[in-house]
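This report concerns only the one structure given below.
Number of protein chains: 2
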Amino acid sequence: MEETVVKAIQDEYPDDFAWCYGCGRLNVAGHHFRTGWQGEQTVSIYSPDPEHLALPGFVYGGLVASFIDCHGTGSASLFLHRKNGHEPGDGAEPPRFVTASLNVNFLKPTPHGVPLKAVGTIQEIHPKKYKVEIEVFANDAVCALGEVIAVVMPSTFTKKE
Amino acid sequence: MEETVVKAIQDEYPDDFAWCYGCGRLNVAGHHFRTGWQGEQTVSIYSPDPEHLALPGFVYGGLVASFIDCHGTGSASLFLHRKNGHEPGDGAEPPRFVTASLNVNFLKPTPHGVPLKAVGTIQEIHPKKYKVEIEVFANDAVCALGEVIAVVMPSTFTKKE
Chain A
1 MEETVVKAIQ DEYPDDFAWC YGCGRLNVAG HHFRTGWQGE QTVSIYSPDP EHLALPGFVY
61 GGLVASFIDC HGTGSASLFL HRKNGHEPGD GAEPPRFVTA SLNVNFLKPT PHGVPLKAVG
121 TIQEIHPKKY KVEIEVFAND AVCALGEVIA VVMPSTFTKK E
Chain B
1 MEETVVKAIQ DEYPDDFAWC YGCGRLNVAG HHFRTGWQGE QTVSIYSPDP EHLALPGFVY
61 GGLVASFIDC HGTGSASLFL HRKNGHEPGD GAEPPRFVTA SLNVNFLKPT PHGVPLKAVG
121 TIQEIHPKKY KVEIEVFAND AVCALGEVIA VVMPSTFTKK E
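Line by line, the protein sequences are chains A and B.
All the letters of the first sequence, read from the start, carry residue numbers 1 to 161 under full-length UniProt numbering.
All the letters of the second sequence, read from the start, carry residue numbers 1 to 161 under full-length UniProt numbering.
Encoded structure:
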């Protein structure tokens with residue numbers, strides 16, 4: 001049976017912040033990455049589309065980077081939401097994060113045709129800034145390691161320059 | 001007049017290596033990033049699709065990371081191809097690279113609706129390993145800084161595990 005994320009933080013983002021190509025539920029053409037708790041860690045699961053290739057048989061690195069990116073911001077949102085006394089599904093609006101930096105180490109070619117699983121471990125750097133260390137698994141093997149520095153969305157994102 | 005890359009290294013990749021979702025000319029659904037020389041630097045230009053949003057008005061960070069990723073491998077290929085005495089368009093088959101690591105610092109929100117331009121500076125670390133420092137511009141402002149470590153494609157990518 002395929003694993004799924006039942007309660008995802010992205011299901012709770014306010015509509016105005018639910019347009020992300022990676023993880024926005026309102027972006028019809030997007031990937032719809034979804035991130036939830038698994039104990040003290042976070043998890044996202046995604047099956048790449050047929051066109052998400054590096055070469056036939058292997059997943060495109062940019063897709064892996066995108067998966068890590070949204071898993072990072074989603075994990076930070078889950079963490080701060082819990083710190084504020086909330087869990088996905090309790091009706092409270094979660095904080096929305098953006099990525100300050102994204103690092104990906106590609107350890108081995110990522111096989112195409114199986115679900116990818118991102119597992120995140122979160123550390124608070126500052127009340128508005130979190131570091132998320134991420135392992136991306138395919139067939140139970142770690143194919144990529146990621147690190148995302150996520151910060152609470154600044155006002156520059158809500159007023160156009 | 002919009003800038004374009006006339007002679008791109010991706011136009012020269014062998015057919016078997018032209019399926020990348022980011023930069024493969026044979027991947028119908030992909031981004032078709034194209035990378036060429038501009039003096040001693042490299043350049044790619046890309047206009048994000050309407051759905052490539054972080055929020056309305058701003059480009060998705062994973063798309064910026066993907067752009068940096070393929071610009072990095074394309075730049076390394078251009079560099080080694082020139083070192084071997086070749087330029088895109090001369091009929092020689094260029095070397096194909098993969099990404100070992102990808103780092104992106106998002107300096108400011110990237111506006112949506114204008115072409116993005118990646119400019120790369122390449123440094124040889126080893127005959128099969130290159131570092132590419134990349135600036136991503138929108139409206140002449142640097143929105144993101146990237147670093148790609150690109151290595152000549154290993155045999156693990158051409159035989160499925």
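Don't be surprised by glycine CBs; every beta carbon is placed ideally from N, CA and C.
For residue i, which residues in the same chain have their Cβ closer than 6 angstroms to its Cβ, ignoring the five residues on either side in sequence?
{"i": "G146(B)", "result": "I68, V104, I134"}
{"i": "Y21(B)", "result": "N27, G30"}
{"i": "E161(B)", "result": "Below a pLDDT of 50, predicted positions are generally treated as unreliable, and E161(B), at 42, falls in that range; no measurement from the model is reported."}
{"i": "C24(B)", "result": "Checking the sequence, you will find Gly at residue 24(B) rather than Cys. Counting only Cβ-Cβ distances below 6 angstroms, and skipping sequence neighbours, we find A18, G30."}
{"i": "E3(A)", "result": "I45"}
{"i": "V119(B)", "result": "Q41, V43, E135"}
{"i": "E12(B)", "result": "P88, P94"}
Using a C-beta to C-beta distance shorter than 8 angstroms, which residues of chain A count as neighbours of residue i?
{"i": "T42(B)", "result": "Those do not exist, as T42(B) stays about 17 angstroms from chain A at its closest Cβ, beyond 8 angstroms."}
{"i": "K108(B)", "result": "T156"}
{"i": "L116(B)", "result": "Here the premise fails: no neighbours, minimum Cβ distance about 14 angstroms."}
{"i": "C70(B)", "result": "G62"}
If the cut is a Cβ gap below 7 angstroms, which residues of chain A does residue i touch?
{"i": "K129(B)", "result": "Within 7 angstroms Cβ-Cβ: nothing; K129(B) doesn't reach chain A, min ~13 angstroms."}
{"i": "T99(B)", "result": "G61, F106"}
{"i": "A29(B)", "result": "E51"}
With a threshold of 7 angstroms on Cβ separation, who are the neighbours of residue i within its own chain once the five nearest residues in sequence on each side are excluded?
{"i": "A8(B)", "result": "R34, T35, G36, P88"}
{"i": "A138(A)", "result": "T110, P111, V114, L116"}
{"i": "V5(B)", "result": "R34, T35, G36, V43, S44, I45"}
{"i": "F79(A)", "result": "I122, Y130"}
{"i": "T156(B)", "result": "none"}
{"i": "M153(B)", "result": "R96, F97, V98"}
{"i": "A76(A)", "result": "F97, I122, Y130, V132, A150"}
Beta carbon of residue i, beta carbon of residue j: below 8 angstroms?
{"i": "A144(A)", "j": "L107(A)", "result": "yes"}
{"i": "K129(A)", "j": "V151(A)", "result": "yes"}
{"i": "P14(B)", "j": "E124(B)", "result": "no"}
{"i": "L102(A)", "j": "G61(B)", "result": "yes"}
{"i": "V59(B)", "j": "P50(B)", "result": "no"}
Please list, in chain order, the chain B residues whose beta carbon lies closer than 8 angstroms to that of residue i.
{"i": "residue 196(A)", "result": "The shown model of chain A, from 1 to 161, leaves out residue 196(A), and the question about it has no answer."}
Closer than 9 angstroms by beta-carbon distance: list the chain A residues that pair up with residue i, in chain order.
{"i": "S66(B)", "result": "Y60, G61, G62, L63, A65, S66"}
Run down chain B in chain order and give the residues with a C-beta less than 7 angstroms from the C-beta of residue i.
{"i": "A138(A)", "result": "Under the 7 angstroms cutoff, chain B gives no residues; its nearest Cβ is about 10 angstroms from A138(A)."}
{"i": "L80(A)", "result": "By Cβ distance, chain B contributes nothing, its closest Cβ being about 19 angstroms from L80(A), past 7 angstroms."}
{"i": "N84(A)", "result": "Those within 7 angstroms of N84(A) in chain B number zero; the least Cβ separation is about 22 angstroms."}
What are the start and end residues of each continuous beta strand (DSSP E) run of 3 or more residues lying completely inside the region 125-160 of chain B, in chain order?
Within the region 125-160 of chain B, the complete beta strand (DSSP E) runs of at least 3 residues are 129-138, 141-152.
Hey, is the region 62-78 of chain A in contact with the region 96-103 of chain A, meaning 3+ C-beta pairs nearer than 8 angstroms?
Under the 8 angstroms Cβ criterion, the region 62-78 of chain A counts as touching the region 96-103 of chain A, having at least three qualifying pairs.
Does the region 44-61 of chain B come close enough to the region 84-95 of chain B that 3 or more CB-CB pairs lie under 8 angstroms?
Result no; under three Cβ-Cβ pairs closer than 8 angstroms.
Kindly provide the ranges of any beta strand (DSSP E) runs that are 3 or more residues long and lie completely inside the region 5-55 of chain B, ordered along the chain.
For the region 5-55 of chain B, whole beta strand (DSSP E) runs of length 3 or above, ordered along the chain, are 35-38, 41-46.
Length at least 4, wholly inside the region 51-109 of chain B: the alpha helix (DSSP H) runs in chain order:
For the region 51-109 of chain B, whole alpha helix (DSSP H) runs of length 4 or above, ordered along the chain, are 61-83.
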